[in-house]
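Numbering (UniProt numbering) for the sequence shown: 1 to 287.
Below you'll find the structure, written out as structure tokens, and then a few comments.
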Amino acid sequence: MLVYKKTPLDLLIIFIWIMITLVFIKTPVLAGTFMRTALAVPVVLFIPGYVLIAALFPRKDDMGTVERVALSLGTSIAVVPLLGLLLNFTTGIDLNPILIILCLYTIVLVFVAAYRRMELPEDVRLSIPFLKIYETVNTEIKTPRSRKDMILSLTLIFVIAFAAGMVIFVISTPKTGERFTEFYILGPSGKAENYSENLKYNSPATSLVGVVNHEYSFVNYTVQVALNEKVLTFTRFMLTSNETWEKNITFIPDKEGDGMRLNFWLFKEDNLTVPYRELQLWVNITK
1 MLVYKKTPLD LLIIFIWIMI TLVFIKTPVL AGTFMRTALA VPVVLFIPGY VLIAALFPRK
61 DDMGTVERVA LSLGTSIAVV PLLGLLLNFT TGIDLNPILI ILCLYTIVLV FVAAYRRMEL
121 PEDVRLSIPF LKIYETVNTE IKTPRSRKDM ILSLTLIFVI AFAAGMVIFV ISTPKTGERF
181 TEFYILGPSG KAENYSENLK YNSPATSLVG VVNHEYSFVN YTVQVALNEK VLTFTRFMLT
241 SNETWEKNIT FIPDKEGDGM RLNFWLFKED NLTVPYRELQ LWVNITK
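Structure (structure tokens):
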């Protein structure tokens with residue numbers, strides 16, 4: 001029978017931090033704010049390694065504080081690319097999926113580390129003395145210092161703040177590559193083959209059309225289906241960056257003939273004069 005033991009405060013803080021980060025990632029209104037970036041920096045640079053080291057070394061005499069912090073930073077640098085490589089073979093590499101998988105990884109290891117730590121006697125269990133750290137820092141701040149020490153301390157604080165700011169800037173500023181939009185038509189099997197070439201006059205027909213936004217911004221799109229330059233139907237929608245739209249568009253052929261040109265036009269924003277992308281199929285329409 002397990003006896004209730006006090007939850008490790010450092011792991012509890014990390015768990016709360018992770019849950020708040022998930023809220024900022026999954027809430028559209030909060031996802032674009034600076035706070036999401038500020039919360040994400042420790043999730044990428046420090047927390048993954050810290051919880052792994054905490055799970056592997058639950059005793060306070062396993063290693064010193066400096067070694068634990070250094071290993072946490074170094075392990076995080078190793079863990080994050082490995083998880084990114086795993087994502088590359090599943091959902092693809094993107095900031096939000098990476099942050100989500102890091103949060104889930106951290107939550108699992110928080111419970112593992114807490115279980116292993118709480119199974120140990122209290123006198124050998126790792127415990128972060130937050131109160132002692134606060135008192136030490138407070139004492140250091142209030143201790144009178146020479147002008148030289150003050151200058152060195154302020155310089156060190158400035159360097160640390162500058163480095164942290166550069167890390168936040170690099171993470172929060174996405175690299176902008178080529179801006180373009182994918183536009184494609186798929187056959188009945190969901191592949192770019194076996195398109196329907198024979199349609200019925202005045203009978204509904206469908207085509208699977210896809211659009212992928214790589215414009216690095218919100219874009220309003222319009223897809224028109226035309227038969228020999230005459231528009232049969234149109235669809236309007238908006239996509240965020242890297243969002244995919246793929247749906248069946250239904251249209252009714254209003255002419256008969258062989259070798260007729262079925263056009264699929266993609267327009268951006270309100271420019272409906274010249275198609276941004278154009279696809280076409282040659283179809284036969286009979287009664």
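Idealized CB from N, CA, C, for every residue including glycine.
Because the structure is a prediction, the values reported are computed rather than measured.
Residue i, DSSP secondary structure in three states
i: residue 105; result: helix
i: residue 73; result: helix
i: residue 273; result: coil
i: residue 247; result: strand
i: residue 29; result: helix
i: residue 85; result: helix
i: residue 240; result: coil
i: residue 293; result: Outside the displayed span of the chain (1 to 287) sits residue 293, for which this structure offers no information.
i: residue 50; result: helix
i: residue 156; result: helix
i: residue 260; result: strand
i: residue 59; result: strand
i: residue 99; result: helix
i: residue 185; result: strand
i: residue 7; result: coil
i: residue 201; result: coil
i: residue 218; result: coil
Of the listed residues the options, nearest to residue i (C-alpha basis)
i: residue 181; options: 76, 162, 222; result: 222
i: residue 22; options: 102, 53, 56; result: 102
i: residue 53; options: 40, 78, 234, 233; result: 78
i: residue 9; options: 57, 202, 113; result: 113
i: residue 194; options: 270, 33, 67, 283; result: 283
i: residue 98; options: 44, 235, 118, 215; result: 44
i: residue 47; options: 24, 26, 104; result: 104
i: residue 214; options: 263, 197, 241; result: 241
i: residue 226; options: 281, 188, 63; result: 281
i: residue 25; options: 251, 14, 39, 16; result: 39
i: residue 277; options: 232, 42, 212, 203; result: 212
i: residue 203; options: 232, 265, 68; result: 232
Residue environment, residue i, which counts as buried when at least 16 other CB atoms sit within 10 Å
i: residue 124; result: exposed
i: residue 220; result: exposed
i: residue 275; result: buried
i: residue 49; result: buried
i: residue 267; result: buried
i: residue 31; result: exposed
i: residue 18; result: buried
i: residue 183; result: buried
i: residue 109; result: buried
i: residue 2; result: Low confidence applies here, because residue 2 scores a pLDDT of 39, under 50, leaving its location unreliable and the question unanswered by this model.
i: residue 106; result: buried
i: residue 189; result: exposed
i: residue 261; result: exposed
i: residue 58; result: buried
i: residue 251; result: buried
i: residue 11; result: buried
i: residue 151; result: exposed
i: residue 66; result: exposed
i: residue 76; result: buried
Same chain, Cβ closer than 7 Å to residue i, five either side skipped, listed in chain order
i: residue 60; result: 124, 125, 126, 127
i: residue 55; result: 109, 112, 113, 116
i: residue 119; result: none
i: residue 186; result: 192, 208, 210
i: residue 228; result: 255, 260, 261
Proximal residues to residue i (C-beta, below 8 Å), its chain only, five neighbours per side dropped
i: residue 201; result: 253, 254, 255, 256, 285, 286, 287
i: residue 218; result: 238, 239, 240, 241
Own chain, CB closer than 6 Å to residue i, minus 5 neighbours either side, in chain order
i: residue 199; result: 205, 253, 283, 285
i: residue 70; result: none
i: residue 155; result: none
i: residue 263; result: 226, 280
With a threshold of 8 Å, are at least 3 pairs of Cβ atoms found where one atom belongs to the region 208-218 and the other to the region 242-250? yes
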